[in-house]
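Have a look at the structure below before the remarks.
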Amino acid sequence: MVQARQQCGFTLVELVLSIMVIGIALAGLVSVMNLTVFRSADPMLTEQAVAIAEAYMEEILVKDYNDPDGGANVVEASRDLYDCVDDYAVITGEVPTDQDGNAMAGLGTYSVAVAVQAPAAVTGEAMKHVAVTVSHAGAGISYTLHGYKSDWTP
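Counted from 1, the sequence shown has number 53 at position 53 by the numbering used here; the numbering is strictly sequential.
Now the structure itself:
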């Protein structure tokens, strides 16, 4: 009696199907990795936007509530002359600068806008709402920091 010989290996159909399944799985994995690598700098860009907004807010809130020169609030000619909170309301979509107006190195892709409004007095104190918005055009990041300045004197 002749024994039947067992066959070993894969058929062509099995080989083609396994290559297709592995190819689809790798395509999905590569697309997820691509998205992850593409967005890997977003936390750094967000932290830079937060730091810029905090720097502007700190600078604004140490200024006087009203123009110390007296009379009508006149916006000063340059940022190093700003002496009250309202002077900063003219900053709209400009590149971040230091207090003297010098551009900050490496932050040219960001833009800063400041809004100053006097909301209705809730507590009986005169207050101004300050909103500093920092945006990064390339990454689509926008961060807004809110603060209040009161007309309180000790």
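We put the CB at the ideal spot given by N, CA and C, even for glycine.
Cβ pair residue i, residue j closer than 8 Å
i      : j      : result
VAL134 : VAL116 : no
TYR143 : ALA27  : no
LYS128 : ALA113 : no
Cβ neighbour criterion (16 or more within 10 Å) applied to residue i
i      : result
VAL13  : exposed
ILE24  : exposed
ALA137 : exposed
SER111 : buried
TYR88  : buried
From the options, residue whose alpha carbon lies closest to that of residue i
i      : options                        : result
VAL74  : ALA118, ASP64, ASP86 and ASP80 : ASP86
GLY106 : GLN7, LEU29 and GLN48          : GLN48
Bridge partner(s) assigned by DSSP for residue i
i      : result
LYS63  : Its beta-bridge partners do not exist; DSSP assigns none.
GLY147 : VAL130
Assumed close pair residue i, residue j - CB separation to whole angstroms, cut-off 8 Å
i      : j     : result
ASP67  : ASP80 : 16 Å between Cβ atoms; not a contact.
ALA103 : THR97 : 5 Å
SER150 : TYR56 : The pair is not a contact, with the Cβ atoms about 19 Å apart (cut-off 8 Å).
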